[in-house]
Amino acid sequence: MAHIQLIGLSKRFGPVTAVDRVSLEIHDGEFFTLLGPSGCGKTTTLRAIAGLETPDEGQIVVDGKDITYLPANRRRVGMVFQNYALFPHMNVFENVAFGLRARGEPAQEIAHRVRQSLALVRLDGFADRKPGQLSGGQQQRVALARALACRPEILLLDEPLSNLDAKLREETRTEIQRLQKESGITTVYVTHDQSEALALSDRIAVMNNGRLEQVGTPAEIYGKPATAFVARFIGQVNVLAGTVQAVEGSRVLVDLGVGRLWAERPRSDPPPVGKTVQVCIHPENLEPAGADSSNGLEAQVELVQFNGVTTLLRFRAGAVTLEAIVLSRSPAAGLRRGMSARLTVAPEHVLILDDAS
Amino acid sequence: MAGLNDPQPQAETRGLPRPSGQTWSKFWAVGRTYLLAAVVFAVLLSCIGYPLLQTVLLSFTRDGQPSLANYRDFFSLSRPVNLQALGNSLYLSVVTVVLCAAVGAALALFYHRYRFPGSQLFSTLVITPIVFPPLVSVVSYMWLFGEGGVVPGLIRDIFGLSKPPFGLSGFGGILLIHVYTQFIYFYLLVSAALARFDHSLEEAAYVLGASRWYTLRRVTVPLLLPAFVAASLIVFMVSMSSFAAPYMLGGRFRVLSMQIFVSKLNGDMDMAAAQAVILGMICILVVLALRAYEGRSQYTFAGKGLGIRAVPITRGSARHLAFLGGVLLSLVLMLPHIMLVIIALVPQGTWTWQTLPPVLAFDNFRFLFTRPDLWLPVRNSVLMAGIATVAGVIFALVASYLLTKGRFRGRGLLDALVMVPWALPGTIIAISMIIAFNRPLPTTFGKVLVGTVWMLPLAYFINFMPLIVRATSASLQQLDNSLIESALTLGASWFTVFRRVILPIVMPGVLSGALLMFVQAFGEFTMSILLYVVDNRPISIGILERMQFFELGEAAVLGVLQVVLMMIVLIITRRYLGARATQAFF
């Protein structure tokens with residue numbers, strides 16, 4: 001159980017600033033994800049929490065105690081590494097027992113806790129195997145059991161699923177979620193896979209170039225991305241450039257060059273008239289031939305792609321390309337290449353993005 | 001709500017008071033690496049940097065006065081002894097490279113290309129020359145081909161000549177021994193390149209319409225070239241540093257490494273320093289060229305390299321011919337070993353005028369346990385090589401850790417400094433130690449080291465430490481950082497991490513490096529002859545002494561001991577390191 005605060009954390013490697021003044025709070029028992037492309041600083045942040053990197057600036061505070069320079073072996077964290085980092089010269093039992101032995105627990109207690117941890121990850125009966133004799137998924141679970149055996153206050157997971165094949169990834173993902181909810185341990189999870197992040201997390205921090213782009217629940221991050229980076233990173237969205245023409249209350253009229261749309265800015269005050277802005281529209285919110293025709297654009301079908309439950313439609317309006325996703329059984333799925341349609345969208349689904357940081 | 005989700009919250013100005021003891025923790029977290037690096041640098045600078053610096057300084061003095069006289073004399077055209085020696089060294093090295101390339105590459109191609117009964121065994125036996133310490137191989141060759149040697153004697157008898165037709169000495173003698181001991185570099189490097197070589201590249205060239213000649217010129221040769229260049233540079237360097245062969249056989253054919261020895265004997269240390277600087281510069285230049293070249297032209301073959309397929313020889317007569325060739329070649333390569341064993345089995349005084357020995361017995365081996373003049377050198381070498389190796393292991397563990405896992409400024413410099421002794425001939429290391437340690441120094445606890453038994457173990461440490469650093473670094477490189485890190489996050493102390501994670505994983509590498517260092521130090525000759533004192537005569541000096549007393553059998557026994565030890569070490573290290581062991585032997 002732990003509450004983690006990162007305060008103005010920075011880490012440079014030579015000329016590269018890997019983490020740039022990151023401040024966050026991670027609540028007790030939360031499943032918190034650091035999400036971003038490779039090189040965005042998410043792993044460095046995680047390693048700083050583990051005590052494997054010494055920050056150049058800032059503080060790491062756990063339960064009110066500053067642990068910025070506390071050596072890794074004196075923090076009560078469990079970490080699962082991307083490549084699992086199982087000790088190749090020890091069998092499964094010895095691997096899981098390693099941390100307990102290092103802490104000098106009595107032998108009986110060690111045996112008990114190792115059995116317990118292996119049962120937790122459903123690997124009873126594998127104690128005598130060497131890591132080399134296990135499949136990728138099994139190695140992954142040993143790594144998890146090893147991290148949990150010491151009953152850490154914080155569980156750190158560094159891309160734990162990236163070395164598994166697609167099917168196993170789904171299974172293990174559910175498994176990790178179950179373990180985390182059962183144990184209630186504060187968990188920090190690093191991934192570059194947005195679907196993983198959305199499915200698992202209580203909250204997500206999206207990082208880019210060492211900085212935080214946005215922190216929020218999966219629904220907020222997905223539904224109301226703050227920046228173009230977050231919008232593009234999280235999903236397949238339409239990001240369009242335009243100019244503010246009018247402001248009415250919280251609603252903003254944006255001229256996109258090929259038509260005008262009413263938009264909203266969920267997080268802060270509307271921008272002034274005349275300002276150049278970017279707007280984001282999720283493809284599932286674009287309705288070809290929708291009922292409410294007041295807020296929309298005329299466009300031509302360029303491509304129809306049948307994907308089972310849904311169908312992707314790509315439209316062109318002047319120089320602008322727009323993608324819409326509709327249910328395959330809806331009438332809009334019957335549109336064909338070359339046909340014209342009016343794409344409508346509710347104003348609250350046209351999101352004005354913050355300027356790039 | 002909005003505040004919490006802001007990308008860069010106000011928190012930067014917040015912050016908690018730091019608990020006491022944080023300054024020390026921070027220093028330890030950041031400074032640990034630098035502390036270790038400082039220790040390693042201190043050892044390197046006092047053992048290698050300082051002696052070399054003193055040597056360079058001394059080379060610019062004559063009788064205590066700053067002067068260029070040494071270099072003027074060196075390059076003097078009126079007394080061109082030194083220039084001639086330099087020329088001889090260069091000439092000898094170039095010819096050695098050419099001959100070694102021809103022999104080594106031909107053998108590598110032959111054994112990789114064709115498969116016939118016994119070809120596997122024969123290709124392994126090619127490496128037999130590496131289990132020969134330099135002095136022992138020279139001695140064996142003298143017994144075989146020298147004046148009064150067995151082979152010229154046999155030829156004389158068979159053809160009824162009045163005197164032996166030839167006797168190994170001078171340039172030709174040195175060259176033969178160089179080729180015998182050094183063609184291996186070409187054989188191994190070219191073999192490795194051939195094994196990596198992806199035959200489908202040649203096939204791709206043919207499919208693209210290239211002729212055989214064009215493919216050879218544009219595909220095959222460029223891909224094998226790095227192996228040739230690397231082997232050439234190594235052989236050149238080893239030949240330049242060679243000492244045992246010129247010392248035993250050179251006669252009036254003087255080379256640069258011998259000149260250093262002669263200057264030292266004459267007490268002309270100023271000149272010895274200048275000669276050492278010139279020889280050292282050449283060796284360092286070659287190593288720099290090697291490094292630059294290796295950095296530039298490492299080809300990684302995409303996909304799984306198929307290697308050049310070995311073609312079975314099917315025609316009966318060709319098979320027999322190839323088999324016969326393999327047997328003959330292996331015999332030629334093992335002839336010196338066989339000779340050494342035979343001499344070791346000849347009791348003193350039984351072999352006088354005969355071409356072949358009339359009596360063989362184990363008398364000489366018994367002396368090993370009864371005669372102090374035989375077992376003392378063995379004991380001394382075991383002790384001194386042991387001390388050097390233990391120091392080497394400790395030093396290598398720390399240095400390799402810094403080299404592979406450390407993040408600190410100056411790592412490149414550390415890497416270079418560690419490898420300097422590998423590049424320098426033993427003569428230079430010995431001479432620079434004599435120059436530096438002939439007065440009390442703080443680094444030698446205020447003692448004069450010259451003339452004490454400590455010079456040799458220190459020299460062995462300096463010269464062979466790179467072997468073990470390289471072996472240890474190689475296995476540390478394979479040790480994933482995350483293993484260390486996960487052990488730390490599991491709460492293990494640094495000592496536990498070292499004992500339970502790092503050591504078990506790098507042990508094979510460390511052990512192999514240690515064994516290699518031990519055998520090299522055990523049979524070392526060049527530095528030994530320059531630095532030994534009465535109380536620590538090592539085994540190579542023991543061999544020389546026995547030869548001077550014409551106790552050839554006793555000398556051979558000491559040689560057999562070294563060869564057997566090297567064979568055991570080669571077998572053990574091959575188990576741990578695989579084929580890399582053979583290359584690590586140099």
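Note that the protein sequences, when read in sequence, are chains F and U. Under my numbering, the first residue of the first sequence carries the number 1, and numbering increases by one thereafter. Under my numbering, the first residue of the second sequence carries the number 1, and numbering increases by one thereafter. Ideal placement from N, C-alpha and C gives every residue a C-beta, glycine not left out.
Interface residues of chain F facing residue i [CB-CB closer than 7 angstroms]
i: U/Leu511; result: Under the 7 angstroms cutoff, chain F gives no residues; its nearest Cβ is about 14 angstroms from U/Leu511.
i: U/Ser482; result: Phe81, Asn83 and Ala85
i: U/Thr496; result: Ala102
i: U/Pro504; result: His89
Partner residues on chain U for residue i, Cβ-Cβ distance less than 7 angstroms
i: F/His27; result: Those do not exist, as F/His27 stays about 11 angstroms from chain U at its closest Cβ, beyond 7 angstroms.
i: F/Cys150; result: Leu490 and Gly491
Burial state of residue i, where buried means 16 or more other Cβ atoms lie within 10 Å
i: F/Glu53; result: buried
i: F/Gly125; result: exposed
i: F/Asn307; result: exposed
i: U/Tyr187; result: buried
i: U/Ala302; result: Caution is warranted here: a pLDDT of 45 is assigned to U/Ala302, below 50, making its placement in the model unreliable, and no coordinate value can be reported.
i: F/Ala341; result: buried
i: F/His27; result: exposed
i: F/Gln108; result: exposed
i: F/Asp354; result: buried
i: F/Lys42; result: buried
i: U/Trp143; result: buried
i: U/Met281; result: exposed
i: U/Ser137; result: buried
i: U/Phe445; result: exposed
i: U/Tyr185; result: buried
8 angstroms Cβ cut-off: residues of chain U touching residue i
i: F/Phe98; result: Ala487, Leu490, Ala492 and Arg500
i: F/Val77; result: Thr489
i: F/Arg113; result: Going along chain U, no residue has its Cβ under 8 angstroms from F/Arg113, so there is no contact; the nearest lies around 13 angstroms.
i: F/Arg146; result: Ser486 and Leu490
Beta-carbon separation (whole angstroms), residue i vs residue j, contact threshold 8 angstroms
i: F/Pro225; j: F/Val252; result: In fact, because the Cβ distance is near 17 angstroms, the residues do not count as touching under 8 angstroms.
i: U/Asn88; j: U/Phe253; result: 6 angstroms
i: F/Arg173; j: F/Glu159; result: Between F/Glu159 and F/Arg173 the Cβ distance is about 12 angstroms, and since that is not below 8 angstroms, they are no contact.
i: U/Thr350; j: U/Val359; result: 4 angstroms
i: F/Leu118; j: F/Ala145; result: 5 angstroms
i: U/Leu333; j: U/Val126; result: 7 angstroms
i: U/Met547; j: U/Ala555; result: 5 angstroms
i: U/Ser540; j: U/Leu340; result: Not a contact, Cβ separation roughly 14 angstroms.
Extent of the continuous beta strand (DSSP E) run through residue i
i: F/Asn208; result: Arg203 to Asn208
i: F/Arg260; result: Arg260 to Glu264
i: F/Asn238; result: Asn238 to Glu248
i: F/Gly216; result: Arg211 to Gly216
i: F/Phe315; result: Thr310 to Ala317
i: F/Arg12; result: Ile4 to Phe13
i: F/Thr187; result: Thr186 to Thr191
Residue i: first and last residue of the uninterrupted alpha helix (DSSP H) it sits in
i: U/Arg546; result: Ile539 to Gln548
i: F/Gln140; result: Gly136 to Ala149
i: U/Leu511; result: Leu503 to Phe522
i: F/Phe229; result: Ala228 to Ile234
i: U/Leu633; result: Outside the shown range of chain U (1 to 586) lies residue 633 of chain U, about which nothing can therefore be said.
i: F/Glu175; result: Ala166 to Ser183
i: F/Val320; result: Per DSSP, F/Val320 belongs to no alpha helix (DSSP H); it is in the beta strand (DSSP E), Val320 to Leu327.
Per-residue contacts from residue i into chain U (C-beta, under 9 angstroms)
i: F/Asn73; result: Ala487, Leu488, Thr489, Leu490, Gly491, Ala492, Ser493, Trp494, Thr496 and Val497
i: F/Ala50; result: Glu485, Leu488 and Thr489
i: F/Tyr222; result: Residues of chain U passing the Cβ test: none, with the nearest at roughly 13 angstroms.
i: F/Cys280; result: In chain order: nothing, as chain U lies at least about 16 angstroms away.
Partners in chain F for residue i, counting only beta-carbon separations shorter than 9 angstroms
i: U/Lys26; result: Thr54, Thr68 and Tyr69
Length at least 4, wholly inside the region 329-377 of chain U: the alpha helix (DSSP H) runs in chain order
363-370
Mind pulling the alpha helix (DSSP H) runs of 4 or more residues that sit fully within the region 35-76 of chain F?
42-50
Runs of 4 residues minimum, wholly inside the region 278-303 of chain F: which ones carry the alpha helix (DSSP H) assignment?
none
Taking only runs that begin and end inside the region 450-494 of chain U, name each unbroken alpha helix (DSSP H) of 4 or more residues, in chain order.
455-478 and 481-489
Which runs of the alpha helix (DSSP H), 4 residues or longer, sit entirely within the region 386-459 of chain U?
Runs found: 411-423 and 426-436.
Could you tell me which uninterrupted alpha helix (DSSP H) segments, each at least 4 residues in length, are contained entirely in the region 160-211 of chain U, listed from first to last along the chain?
170-196 and 199-207
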